[in-house]
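Chemist:
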Amino acid sequence: MDKVRVRFAPSPTGPLHIGGARSALFNYLFAKRNHGDFIVRIEDTDLERSSRASEENIKESLHWLGIDWNEGIDVGGCHAPYRQMERLNTYTEAAQRLLDTGKAYYCYCSEEEIEQERQAALARGEMPNYSGRCRHLTAAERGAKEAQGIKPVIRFHVEPGEAVHIADLVRGDVYFERDGIGDFVIVKSDGIPVYNFAVVVDDHLMEISHVLRGEEHLSNTPRQIVLYEALGWETPAFGHISLILGKDRSKMSKRNGDVSVVNYQDAGFLPEALVNFLALLGWAPEGEEEIFSMKQLEESFSLDRVSKSPAVFDMDKLKWLNGQYLHQLSSEVVAAKIAPYVDGIAQLELLADTLKNHLNTFSEVKDFLPLFQGEAALPMDEEAAEVLKEETVPQVLTLFQEKAAALEEFSAAGIKGILKAVRKETGLGGASVFMPVRVALTGTKHGPDIDKLAALMGRDILMKRLEAAMAKIK
RNA sequence: GGCGCGUUGGAGAAGCGGCUUAACUCACCAGCCUUUCACGCUGGCAUCCAGGGGUUCGAAUCCCCUACGCGUCACCA
């Protein structure tokens, strides 16, 4: 078997989105697993929407995710260049061949005409294919059109024949009738090739062995296969990965959640977690384990465990996964990572240590700030209020207050010592001491270690909140 | 509307004709652990695989029909 060569070929029309990242990842993993090459090519033939900034964003996101390529933009390779706008002559050549062999022809129809026909066909419930009107233009007729200054497009003529067969690596055999395809444009009137044409030329010239891409491309594939045939080229293997759906079960878009990977980066997600999550979206590991490093994925990824049905993007699971990775980080690292979200906090390390196991993402640190910032007592929920009704509470809080006021070294360890002393002096169990203090200070039964929270709070705030809570009991 | 793909619990999913009284993970619920909280651990959570026919000794797994969802029909990629 020939060498495995796969590619990720984004068009730089916006930031790298989740679906693209997943395609890139699957291609990358497939290449690694099969000791093949992974190529990144830029499809920038849409002049209107393409930008260098988007290309940069895509590259940065790929790097951030830990997906690198051994051939393509930036790194180069023996099939350079890797930007379609820099390979225009290649397409022109191929188009000329098609023209010469009568498999393609110039079409002078205006966009308006075609749009009209399209609408009419659609209204009749027919396939809105091009009529083929320009196919039989004589040289004289063509000359006349040219003289009028009309710039033609080049259309590929799809001849009748057997249905186009796709032996899809993930979906199995799929067939498309040829007359359902219709003569399609391969070169625009400005001389720039259209997607379906450019990919074929590039994939062939770059010796791509497997085309792994999103399911939205499935209906493009017959067009491409027909081109391979006409050009006399061998087709690569195709594999169409199911879509990633948003919560509302429609294709993931800005409407149903964050779509670009920078959004996740900014929100404080770890690249390892995102990669792990993305891999699980459409691919199922063999065992029970779900936590995989890139290295492990590279070793276990396989196409036959890629699912046919679409996957819904489950934010809860992403957060959980991210938490799994985050909890393993040292407090020092966490401190550095949360710093951007909590400017001006002195005890960063203590904060990191306190919150580490409560965070699923770094940005969540903001949600915990009120726990120890501000003098005002926090709103109390019902089950917390219940705690303060215990008759030993006044005694506990008074004692705690006295000791806190007298505490020399106001630290987590110091607070812990006080709590211990209160237990000893009152003879009460752990919960009877910890809970009232926790509730009085934070208004809830749940949260990070109360001694650390108290230290973060500082003596002033602690006293004020305690005061308020005690006043409430009476 | 045509064409194409899909449909297993709230979500990701395993399953490939008998091993399935449908793995595993998230979420949820209960309990344990913990001087508090969290982490962690243990257990519970689909009498059933969109619905209906059929094939078979036997089907979530094969075939047909219906429904629903999604994708795609550009001089966008």
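When the letters of the first sequence are read in order and numbered with the numbering used here, they come out as residues 27 to 500.
Even for Gly, the Cβ is constructed at its ideal location relative to N, Cα and C.
1) For the alpha helix (DSSP H) holding D369, just list the boundary residues, first then last.
2) What would DSSP say about W309, mapped onto helix, strand or coil?
3) Would F64 and V32 be called neighbours here (beta carbons separated by less than 8 angstroms)?
4) Taking its Cβ as the centre, do 16 or more other Cβ atoms sit within 10 Å of D407, making it buried, or is it exposed?
5) Decide if C133 is buried, meaning its Cβ has at least 16 other Cβ atoms within 10 Å, or exposed.
6) Going by Cα to Cα distance, which pick from A362, P297, G265 is closest to S328?
7) Going by the DSSP bridge assignment, what does M181 pair with across the sheet?
8) Between A256 and S389, what straight-line distance do the alpha-carbon atoms span, to the nearest angstrom?
9) In the structure shown, what three-state DSSP assignment does A106 receive?
10) Going by C-alpha to C-alpha distance, which of G313, I99, E298, A337 sits closest to K321?
11) Return the CA-CA distance between E375 and K273, expressed in angstroms with no decimal places.
12) My assumption, with CB atoms under 8 angstroms, is that I267 sits in contact with V332. Please give the rounded CB distance.
13) Pairs of beta-carbons, one from the segment 81–100 and one from the segment 378–388, closer than 8 angstroms: are there three or more?
14) Roughly how far, in whole angstroms, is the beta-carbon of G469 from the beta-carbon of A430, given that I think they are within contact range, below 8 angstroms?
15) Using the beta-carbon count (16 or more within 10 Å), is G206 buried or exposed?
16) Going by the CB atoms, is the gap between T71 and I218 shorter than 8 angstroms?
17) Rounded to a whole number of angstroms, what is the C-alpha to C-alpha distance between G443 and T387?
18) Could you please give me the residues that DSSP links to E97 through a beta bridge?
19) In three-state DSSP terms, what is S286?
20) Which word fits E119, buried or exposed, when buried means at least 16 other C-beta atoms lie within 10 angstroms of its C-beta?
21) Using DSSP with H/G/I as helix, E/B as strand and the rest coil, what is R491?
22) Restricting to Cα atoms, I'd like to know which of D209, R67, G208 is closest to C104.
23) To the nearest angstrom, how far is it from the Cα of A466 to the Cα of Y367?
24) List the residues that DSSP assigns as beta-bridge partners of I192.
25) Which full runs of the alpha helix (DSSP H) of 4+ residues lie inside the segment 365–434, going along the chain?
26) Quick one: residues in its chain with C-beta nearer than 7 angstroms to the C-beta of M111, no 5 flanking neighbours on either side, listed in chain order?
27) With DSSP collapsed to three states, give me the class of L73.
28) For E141 and G158, I'd like the C-alpha separation in whole angstroms.
29) Just the Cα atoms here: how many angstroms apart are L485 and A361?
30) Assign D477 to buried or exposed, taking buried as 16 or more other Cβ atoms, counted over all protein chains shown, within 10 Å of its Cβ.
31) When the Cα atoms are used, what is the spatial distance from G40 to G92?
32) With distances taken from CA atoms, which of H43, D94, A79, F339 is nearest K58?
33) Taking the beta strand (DSSP E) that H266 belongs to, which residues open and close that run?
34) Classify M549: buried if its beta carbon has 16 or more other beta carbons within 10 angstroms, exposed otherwise.
35) Short of 8 angstroms in beta carbon distance, which residues of its chain neighbour E435, apart from the five on each side in sequence? Order them along the chain.
36) Rounded to whole angstroms, what's the CA-CA distance from E204 to W259? Just pull it up for me.
Modeler: With the structure as the only source:
1) Following the DSSP letters along the chain, one finds D369 in no alpha helix (DSSP H), marked with neither H nor E.
2) strand
3) yes
4) exposed
5) buried
6) G265
7) Note that residue 181 corresponds to Arg in the displayed sequence, not to Met. DSSP lists Y131, V211 as partners of R181.
8) 54 angstroms
9) coil
10) E298
11) 37 angstroms
12) 6 angstroms
13) no
14) Wrong, their Cβ atoms sit about 18 angstroms apart, outside the cutoff.
15) Taking all protein chains shown into account, G206 has fewer than 16 neighbouring C-beta atoms within 10 Å of its C-beta and is therefore exposed.
16) yes
17) 32 angstroms
18) I65
19) strand
20) exposed
21) helix
22) R67
23) 27 angstroms
24) V200
25) List check, alpha helix (DSSP H) in window: 374–381, 391–394, 408–413, 419–432.
26) Contacts found: D70, T71.
27) coil
28) 14 angstroms
29) For the sequence presented, residue 485 should be read as Arg rather than Leu. Distance between the alpha carbons of R485 and A361 is about 23 angstroms.
30) buried
31) G92 has its alpha-carbon roughly 20 angstroms from the corresponding atom of G40.
32) D94
33) 263–267
34) In the structure as shown, the chain begins at 27 and stops at 500. Residue 549 is therefore absent and cannot be evaluated.
35) none
36) It is Arg, not Glu, that sits at residue 204 in the sequence shown. In a straight line, the C-alpha of R204 is about 19 angstroms away from that of W259.
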